[in-house]
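First up is the structure itself, then whatever we jot down about it.
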Amino acid sequence: MTVLPAFSLAGRRAIVTGSESGLGSAIAAAFIAAGADVVGADISVAAAQSGTRSAAGHLRLHLDLANREDIAGVVQNAVQALGGIDVCVNCAGIGGRAPAVDYPDDLWDRVIATNLTGSFTMARVVGEHMLAQGSGSVINIASVGGLVGYPGSVGYQASKGAIVQMTRTLAVEWGPQGVRVNAIAPGHIATELVQRQWQVEPELKAFFLSRTPLGRLGDPGDVAHAAVFLAGNASRMISGQILAVDGGYTSQ
Numbered sequence: 007m008t009v010l011p012a013f014s015l016a017g018r019r020a021i022v023t024g025s026e027s028g029l030g031s032a033i034a035a036a037f038i039a040a041g042a043d044v045v046g047a048d049i050s051v052a053a054a055q056s057g058t059r060s061a062a063g064h065l066r067l068h069l070d071l072a073n074r075e076d077i078a079g080v081v082q083n084a085v086q087a088l089g090g091i092d093v094c095v096n097c098a099g100i101g102g103r104a105p106a107v108d109y110p111d112d113l114w115d116r117v118i119a120t121n122l123t124g125s126f127t128m129a130r131v132v133g134e135h136m137l138a139q140g141s142g143s144v145i146n147i148a149s150v151g152g153l154v155g156y157p158g159s160v161g162y163q164a165s166k167g168a169i170v171q172m173t174r175t176l177a178v179e180w181g182p183q184g185v186r187v188n189a190i191a192p193g194h195i196a197t198e199l200v201q202r203q204w205q206v207e208p209e210l211k212a213f214f215l216s217r218t219p220l221g222r223l224g225d226p227g228d229v230a231h232a233a234v235f236l237a238g239n240a241s242r243m244i245s246g247q248i249l250a251v252d253g254g255y256t257s258q
């Protein structure tokens, strides 16, 4: 594949969390196609599989984002395997839908621990390496749910709204040392997980489609291409931004 030099990731060393499916899998594959060396980390990678290669070619590591020791171990192993880290994509996360008054306490705790605390811990540990080398790009996966309201996902939306503000704060703190921090806010993307949710709530697909000006829902490649842009030199003057990949959903 021929890429304009500014969009090439040749020589870049990247960690992608949530790499075994959905957006994370698409991002890892797009990074590899653009020339990056990638370590993928995911809770679905069993201990016996950790350290193996995926079909796409990235190194696979087990990661439970709710476990700080797991995060430190993944970063340490990635640094050893790659020789350093230039890009980190915080993609792993969980959802869970229920009306706010019925939202289970344990679901709230799991969503916040994984999506917010886990993503912050990963960014902080990776950030130490990037700050020491004087360069790097952290890409957090937020959501349009962190920018606007819609019913039924209060824990998920609260966690993604916090990711938005975390992104801006880290960008301000780390920019003087050459580290950029941005976020992608996907709209309703047809991942395997979302398609399974459509079987439970068929009206959910129609709800988002009717409010998307482009008249279609996204696919994982739409988000992966945005991540390639934010990872490389094409976006070298961009930091602290939230890029909505939503077909115009948040323009209304």
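Just so we're on the same page, this note's numbering is the position in the sequence shown counted from 1, plus 6.
C-beta atoms are modelled at their ideal positions from N, C-alpha and C, and glycine is treated no differently.
Here the C-alpha atom of Val-85 lies approximately 22 Å from the C-alpha atom of Thr-123. Here Arg-74 really is in contact with Thr-127; their C-beta atoms are around 5 Å apart, less than 8 Å. About 7 Å separates the beta carbons of Pro-192 and Asp-252, which is inside the 8 Å limit, making them a contact pair. The straight-line gap separating the alpha-carbon atoms of Gly-155 and Ala-32 is approximately 27 Å. Restricted to the region 158-237, the beta strand (DSSP E) segments that are unbroken, complete and at least 3 residues in length are 185-192, listed in chain order. Inter-segment contact for the region 164-171 and the region 134-152 is present: three or more beta-carbon pairs are separated by less than 8 Å. Residue burial is scored here from C-beta neighbours: Leu-29 has at least 16 other C-beta atoms within 10 angstroms and is therefore classed as buried. A straight-line Cα-Cα distance of about 18 Å links His-231 and Asp-92.
For Thr-127, the enclosing alpha helix (DSSP H) has its first and last residue at 125-139. In this structure, the beta-carbon distance from Val-117 to Gly-158 does not fall below 8 Å. Setting aside the 5 residues that flank it on each side, Ala-12 is surrounded in the same chain by Gly-238, Asn-239 and Ala-240, each with a C-beta closer than 7 Å to its C-beta; the list follows chain order. For Ala-78, the number of other beta carbons within 10 angstroms of its own is below 16, and it is reported as exposed. The beta strand (DSSP E) runs of length 3 or more contained entirely in the region 55-119 are, from start to end of the chain, 65-68 and 93-96. By the neighbour-count criterion, in which 16 or more other beta carbons inside 10 Å mark a residue as buried, Leu-71 falls on the buried side.
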